[in-house]
Amino acid sequence: MASTRVQHSMGSVHRYPLKGQQQVDLNPVDRRTQNKLLEQKRRDSLKNSIDNLKNALPDGRNLADQTQQSVLLKAQNYIKDMVGKQQRSKTCLEDLKSVKSRNNVLEDNIAMLKQEYDILSNME
60 MASTRVQHSM GSVHRYPLKG QQQVDLNPVD RRTQNKLLEQ KRRDSLKNSI DNLKNALPDG
120 RNLADQTQQS VLLKAQNYIK DMVGKQQRSK TCLEDLKSVK SRNNVLEDNI AMLKQEYDIL
180 SNME
């Protein structure tokens with residue numbers, strides 16, 4: 060039994076017709092051709108995405124002859140490295156805030172001790 064499909068104006072083939080569209084019966088050869096075209100489009104899209112990822116990586120241009128798997132592994136390692144750096148940066152920022160807060164407390168203590176010293180010095 061031949062599959063009933065609909066050829067839309069943009070060239071895509073769907074199972075159910077839109078209003079004003081006519082049904083097209085695809086024979087097995089046409090289905091295979093359509094599947095090959097869709098698969099090629101998917102592979103091209105994947106290749107373009109890998110190339111974009113490769114170019115986004117530091118030294119990505121040096122990865123020109125690398126396999127897709129090695130590009131993905133390098134991207135994974137780069138992301139892990141960036142996440143680690145972000146965590147360390149966040150920790151350092153929290154430490155800096157803590158040190159600044161402690162420094163403010165110590166400066167307040169120094170100011171208070173200076174006032175006490177001045178008062179005691181004037182009593183003599």
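Sequential numbering from 60 applies to the sequence shown in the numbering used here. Idealized CB from N, CA, C, for every residue including glycine.
Using C-beta distances below 8 Å, list every residue in its chain close to residue i, excluding the 5 sequence neighbours before and after it, in chain order.
i       : result
Met-60  : With a pLDDT of 45 at Met-60, under the threshold of 50, the predicted position of this residue should be treated as unreliable, though the coordinate-derived value follows. If we look at Met-60 and ignore the five residues flanking it on each side, it has no Cβ neighbours.
Ser-129 : Leu-122
Asp-124 : none
With residue i as the anchor, note down where its alpha helix (DSSP H) starts and where it stops.
i       : result
Asn-162 : 127 to 182
Asp-110 : 87 to 115
To the nearest angstrom, how far is the alpha carbon of residue i from that of residue j?
i       : j       : result
Gln-99  : Leu-105 : 10 Å
Ser-160 : Leu-122 : 47 Å
Asp-167 : Leu-152 : 23 Å
Gln-93  : Ile-138 : 37 Å
Ile-109 : Asp-103 : 10 Å
Please check if any C-beta of chain E sits within less than 9 Å of the C-beta of residue i.
i       : result
Asn-111 : Looking for chain E here will not work: only one protein chain is present.
Excluding five sequence neighbours on each side, which residues of the same chain lie with their C-beta closer than 7 Å to the C-beta of residue i?
i       : result
Gln-174 : none
Worksheet item: Counting pairs of Cβ atoms below 8 Å between the segment 133 to 142 and the segment 111 to 123, do you hit three or more?
Response: Cβ pair count under 8 Å is three or more, so yes.
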